[in-house]
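Undergrad:
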Amino acid sequence: MGFHTFPVDRADALEDPTRYRFCSREELIEMLAPTADAVVADLGSGTGFYTEEVAPFVETVYGVDLQSEMHEHYREKGVAANVELVAANVGALPFDDSELDAAYSTMTHHEYADDETIAELARVIRPGGRMVTVDWSATGTGEDGPPIEERFGPDDVREQFETAGFTIERVHDRPETLAVVAQR
1 MGFHTFPVDR
11 ADALEDPTRY
21 RFCSREELIE
31 MLAPTADAVV
41 ADLGSGTGFY
51 TEEVAPFVET
61 VYGVDLQSEM
71 HEHYREKGVA
81 ANVELVAANV
91 GALPFDDSEL
101 DAAYSTMTHH
111 EYADDETIAE
121 LARVIRPGGR
131 MVTVDWSATG
141 TGEDGPPIEE
151 RFGPDDVREQ
161 FETAGFTIER
171 VHDRPETLAV
181 VAQR
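Quick note on numbering: the sequence shown equals residues 1 to 184 in UniProt numbering.
1) Just to confirm, is the Cβ distance from L121 to A92 under 8 Å?
2) Any contact between the region 147-166 and the region 111-120? By contact I mean 3 or more CB pairs, one from each, below 8 Å.
3) On the DSSP letters alone, give me the boundaries of the alpha helix (DSSP H) that A122 sits inside.
4) Can you tell me which of the three DSSP states V79 falls into?
5) How many angstroms separate the CA atom of A179 from the CA atom of L85?
6) My output table needs one value for D37: the three-state DSSP class, helix, strand or coil.
7) Enumerate, from N- to C-terminal direction, the unbroken beta strand (DSSP E) stretches of 3 or more residues contained entirely within the region 121-160.
8) At which residues does the beta strand (DSSP E) containing Y104 begin and terminate?
9) In angstroms with no decimal places, state the Cα-to-Cα distance between V53 and V64.
10) Give the DSSP-derived three-state secondary structure of T167 in the structure shown.
11) Whole angstroms is fine: what's the gap from L32's alpha carbon to I125's?
12) Would you identify the three-state DSSP class for D54, choosing helix, strand or coil?
13) Just checking V171 against the ligand NAD - is the residue's beta carbon closer than 7 Å to any of the ligand's heavy atoms?
14) Would you list the residues sitting across from Q183 in a DSSP beta bridge?
15) Less than 8 Å separating the beta-carbons of E59 and A36?
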């Protein structure tokens, strides 16, 4: 897998509304199923494109990104009052055990996913909480997103979460992407 980060010099591309063809706001909210008092984390939040979409539906969203430069781009456009930006690696999150009601990642799973990182997600998401992953699929064509060899397939993602103790609620293998909803 790639285990890379998105180039900061291309951050403006993360604001492209054509991204919704791969995951719409409505789809993400439906899979996440947040409550108004939920505390969630956007893993690999980048410029906050999807963070801003989730913020109106929850109490707190942590925008987690390894690259603090991405947070600078986000601050330039304005950050919602209930969003807290966190510069951290997904494999070493600065949250207490079971602190999060949910977490989600959109097109970033391939950048961080290994057994230790998925175990870290199991640590910070409360029992009964959700993890939603939408990412480029290894079963895709490679016309968009990273090269096929840097992607996971739906069965790989399922296995990663099950190994860490999550229960899989659903797996969608789509033309270019996958979506997995897992419960802790």
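All C-beta atoms in this analysis are idealised placements derived from N, C-alpha and C, irrespective of residue type, glycine included.
TA: This is what the structure gives:
1) Locating residue 121 in the sequence shown gives position 121, where the first residue counts as 1. Locating residue 92 in the sequence shown gives position 92, where the first residue counts as 1. Not in contact: L121 and A92 (Cβ atoms no closer than 8 Å).
2) Of all C-beta pairs linking the region 147-166 to the region 111-120, three or more are shorter than 8 Å, placing the two stretches in contact.
3) In the sequence shown, the residue the question calls residue 122 occupies position 122. Per DSSP, A122 belongs to the alpha helix (DSSP H) from 115-124.
4) Position 79 of the sequence shown, counted from the first residue, corresponds to residue 79. Three-state DSSP puts V79 in coil, outside helix and strand.
5) Walking along the sequence shown from the start, residue 179 turns up at place 179. Walking along the sequence shown from the start, residue 85 turns up at place 85. When rounded, the distance between both Cα atoms is 25 Å.
6) For the purposes of this step, residue 37 is identified with residue 37 of the sequence shown, where counting begins at 1. Three-state result, D37: coil.
7) Whole beta strand (DSSP E) segments, 3+ residues: 125-136.
8) Residue mapping note: residue 104 aligns to position 104 of the sequence shown, counting from 1. 100-106 is the extent of the beta strand (DSSP E) around Y104.
9) Here residue 53 corresponds to residue number 53 of the sequence shown, with the count starting at 1. Here residue 64 corresponds to residue number 64 of the sequence shown, with the count starting at 1. Residue identity differs from the one stated: residue 53 is Glu in this sequence, not Val. Going from the Cα of E53 to the Cα of V64 covers about 15 Å.
10) The residue labelled residue 167 in the question sits at position 167 within the sequence shown. It is a strand residue.
11) Translated into the one-based positions of the sequence shown, residue 32 becomes position 32. Translated into the one-based positions of the sequence shown, residue 125 becomes position 125. Straight through space, the alpha carbons of I125 and L32 are spaced by roughly 13 Å.
12) Walking along the sequence shown from the start, residue 54 turns up at place 54. In the sequence as presented, Asp is not what sits at residue 54; that position holds Val. Three-state DSSP puts V54 in a helix.
13) Of the ligands one can find in the structure shown there are none, so the ligand NAD has no counterpart to examine.
14) Locating residue 183 in the sequence shown gives position 183, counting from the first residue. In DSSP, Q183 forms a bridge with R130, T167.
15) In the sequence shown, residue 59 corresponds to position 59, counting from 1. In the sequence shown, residue 36 corresponds to position 36, counting from 1. For E59 and A36, yes; Cβs fall inside 8 Å.
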